[in-house]
C-alpha cells in the first residue's frame, strides 16, 4: 500500500450554481479493488469524469503514480495507464465486436498508423480478451446486435485491450442479470489478482461489500467516509447520507 | 472465389469507365463525363471527413473554390506553369486547412455543419469583393494548359487527368480504411468521447483527415479550373456544389470505398440529364432535392448496402453448407437468440 496510485486533492467542479464535486480529496489504494458509493447525484460520475479528463475540473489536482495529470485530455490519461468504462455502457455500435476491441490499440509512428488494423498479432490479442470475457464467438457480429449484457462485456474487453494498470468502472452491474453480475465480479477479482487496480462506482451494495477492499462514500460532492466495507457500513455519517436519519 | 468475382467486377467497372471517351457519341457528352468524374473526385475527397469521422461538412465547396482560384491566380497573376500551379495550390490549401480545421473541429454535429457553411459563405464574399485580385463576379480567365489541343481532345485529356486524381484519392481512402488510423477515425464517428477514453488522440486524427480531405478537394478544384478555364465565385464557392458532394456520398454509401463514386455517377448523370431536359429552368434542383429525399427515406446507408442486403437474400445461407457439430449449433443458437432478443 506504500505505492501511490490515483489521488485527488481538493478536486472541485461546479455546474452553474450546483457544486457537483466539492473539494474532494481521495487517495485510492493502489493494487486493490476500490469502490465509490453514494446516493444518486452525489457527484460520483462527475468525479470520474474529472479524473479521466472528460471534464476539466475548476480547481484541485489529480495525480497518478506521483505525476500531476490534472486537466489532461482523456487520451493522455488513457496513455498514463487509466482505463474506464461508462455508465450505461458505451461501445461503437456500427463496428464489429473485433473492431471494437482493436480500436483500443495504440499505434506508434506513421508506419504504425498506416499498418492494417487487423494485424494478426493484435487480432490474436483482441481475441484473447474477448475469450476472457466470454464473447469470442461473436467476433464478427456488429456490436449493436449484442444484448446489453454482452455489450457490457465488450466494453470491458475494449478497456482491457488498452492494457490499463488502473481500471475505473462506472456501474458495472447496472442493468445486467445476477448471473452476469457474478461473472463480472469474478473477472474483476481475477484481473485484480493479476495486478490491476480497480475503482468501481456501484449501487449494488451486496456487490460492493463482497468485492471491494476499500470503500469511499460520496455525499454532496465530497467523500464523507472511507475504509474497509464493514466499517463503512456501520458509519453513522453514511447511514445519515443514505437514509436521511 | 468471392475475391475473384470482386476483382472481375472492379476490372469491368474500371474498363467501362475508362473507355468512356472512346464510345462517347459527341464532345458535349464527353464534357458531361468530365463533369461527372470531377464530382466523383470531389465526393470521394469529401468522404475522408464525412465517411470516416461522420463530420458532415456542407461547405466543402470552400476547398473546391480555393483550389480552383489558387491554381487560376497562380497562373494568371504570377505566370506559374499550369500543373506546378495546381500542385502549389494543393500545398497552400493543405496549409490553410490546418488553422481552419483547428477552429472548425472544436464543434460537433449541427454546429460543425453551420461552421462549414459559414466558411464557404465568407470565402464567397471575399472572392466577390476583392475584384482587383480575383476578378470578382466578372470572372477569372485561366489560360489553358494545352493551347494547341482542339476542344474534343481537350475533354478527353482532362477526363483521364480526373481519372488519375480519382484513382489516387481512392487509393488513399482505401489505405486509411484498412489502417489503425482509419479504425480510430471510425471510432470517432461512432462515439468520439468513448474513442478518446480508449486512447485515440481524436483531435489530431480528425485534423489529419480534414486536411487530407481539403487537399484532395482542392486538387479537384484546381484541375477543374485548368479544364473549364473560367472561374466565377458564385459557382466555385456555392453551397450547391458542397451539397452535391454530400448527396453523392450518402447516396452511394459513405462507409464504402466506391460509395461516393457510385453516387457521383448516379447523381451526376441525373443532374446533367435534368439540365439538358429542363434547360435554363431551376427544375433540376427540384429533381435533385427529390432524389435526396428518396435516399434518406429508403436507403439511409446508401445504395451499396441496400443492394448488398438484397443480394444477401439470394445467397445460400451459411448453416446449410457448413458442417456443424451439435455443440457448435447449440452455441450458435444460443448467441442467435440473444441477438434476436436484442432486436
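Protein chains in written order, with our numbering: chain A, 8 to 252; chain B, 5 to 347. Ideal placement from N, C-alpha and C gives every residue a C-beta, glycine not left out. Please read all numbers here as calculations on a predicted model, not as lab measurements.
Within the segment 68-133 of chain A, note down every full beta strand (DSSP E) run reaching 3 residues or more, in order along the chain.
89-91
Cα-Cα separation between residue 26(B) and residue 102(B), rounded to whole angstroms:
Straight through space, the alpha carbons of residue 102(B) and residue 26(B) are spaced by roughly 41 Å.
Contacts that residue 19(A) makes with chain B (C-beta to C-beta distance below 8 Å)
Those do not exist, as residue 19(A) stays about 22 Å from chain B at its closest Cβ, beyond 8 Å.
Residues that residue 61(A) contacts on chain B, provided the C-beta gap is smaller than 9 Å:
197, 200, 201
Give the straight-line distance between the Cα atoms of residue 96(B) and residue 71(B), rounded to the nearest whole angstrom.
One C-alpha to the other measures close to 9 Å.
On the CB-based measure, 16 or more other CB atoms within 10 Å of its CB, does residue 12(A) come out buried or exposed?
buried
With 9 Å as the C-beta to C-beta threshold (strictly closer), list the residues of the segment 54-86 of chain A near chain B in chain order.
59, 60, 61, 80, 81, 82, 83, 84, 85, 86
Quick one: what's got a C-beta closer than 7 Å to residue 84(A)'s C-beta in the same chain, skipping five residues either side?
59, 60, 76
Can residue 44(A) and residue 183(A) be called in contact, C-beta distance under 8 Å?
No, they are not a contact pair.
Burial state of residue 240(B) (16 or more Cβ within 10 Å)
buried
State the beta-bridge partners of residue 235(B) as determined by DSSP.
144(B)
Do we get a CB-CB distance below 8 Å when we pair residue 206(B) with the residues of chain A?
With 8 Å as the cut-off, residue 206(B) counts as an interface residue toward chain A.
Tell me whether the beta-carbon of residue 187(B) lies closer than 8 Å to the beta-carbon of residue 109(A).
Cβ distance < 8 Å, so residue 187(B) and residue 109(A) count as in contact.
With distances taken between CB atoms, is the gap from residue 97(A) to residue 162(A) smaller than 8 Å?
yes
Hey, residue 32(A) and residue 226(A): beta-carbon distance below 8 Å or not?
no
Would residue 47(A) be called buried (16 or more neighbouring beta carbons within 10 Å of its own) or exposed?
exposed
Can we count residue 220(A) as close to the ligand MN, meaning its CB is less than 7 Å from some heavy atom?
Here there are no bound small molecules, and the ligand MN is not part of this structure.
Answer with buried or exposed for residue 206(A), where buried requires no fewer than 16 other C-beta atoms within 10 angstroms of its C-beta.
buried
State yes or no: is the beta carbon of residue 194(B) nearer than 8 Å to at least one beta carbon in chain A?
At a cut-off of 8 Å between beta carbons, residue 194(B) contacts chain A.
Does the beta-carbon of residue 177(B) have 16 or more other beta-carbons within 10 angstroms, so that it is buried, or is it exposed?
Label assigned to residue 177(B): buried.
Mapping the DSSP letters down to three states, classify residue 27(A) as helix, strand or coil.
strand
By alpha-carbon positions, which one of 19(B), 48(B), 316(B), 317(B) ends up nearest to residue 175(B)?
48(B)
So does the segment 219-239 of chain B actually touch the segment 261-277 of chain B, counting three or more Cβ pairs closer than 8 Å?
With fewer than three CB-CB distances shorter than 8 Å, the segment 219-239 of chain B does not count as touching the segment 261-277 of chain B.
CB of residue 69(A) within 8 Å of CB of residue 15(A), strictly:
yes
Of all the residues that make up the segment 169-185 of chain B, which are near chain A by a beta-carbon distance shorter than 7 Å?
179, 182, 183, 184, 185
How would you write the range of the beta strand (DSSP E) that residue 13(A) sits in, first residue to last?
11-22
When the distance is taken between beta carbons, is residue 28(B) closer than 8 Å to residue 37(B)?
yes
How would you call residue 9(A), buried or exposed, if buried means at least 16 neighbouring beta carbons within 10 angstroms?
Unreliable placement is indicated for residue 9(A), whose pLDDT of 47 sits below 50; the coordinate value is still reported in the next sentence. Answer is exposed; the Cβ neighbour count stays below 16.
Residue 39(A): which of 121(A), 195(A), 210(A), 244(A) sits nearest, CA to CA?
195(A)
Using a Cβ-Cβ cut-off of less than 7 Å, list which residues of the segment 104-136 of chain A approach chain B; keep chain order.
106, 109, 110, 111, 112, 113, 114, 119, 120, 121, 122, 123, 124
Check residue 258(B) in the structure and name its three-state DSSP category.
coil
Neighbour-count burial assignment, residue 141(B), 16 or more Cβ in a 10 Å radius:
exposed
Check whether the Cβ of residue 100(A) lies closer than 8 Å to any Cβ atom in chain B.
yes
Compute the Euclidean distance between the alpha carbons of residue 257(B) and residue 300(B), then round it to the nearest angstrom.
Straight-line Cα distance between these residues: approximately 11 Å.
Residues in the same chain with beta-carbon distance under 7 Å from residue 161(B), minus the five sequence neighbours each way, listed in chain order, please.
150, 153
If you run the structure through DSSP and keep just helix, strand and coil, what is residue 241(B)?
DSSP places residue 241(B) in coil when its eight states are reduced to three.
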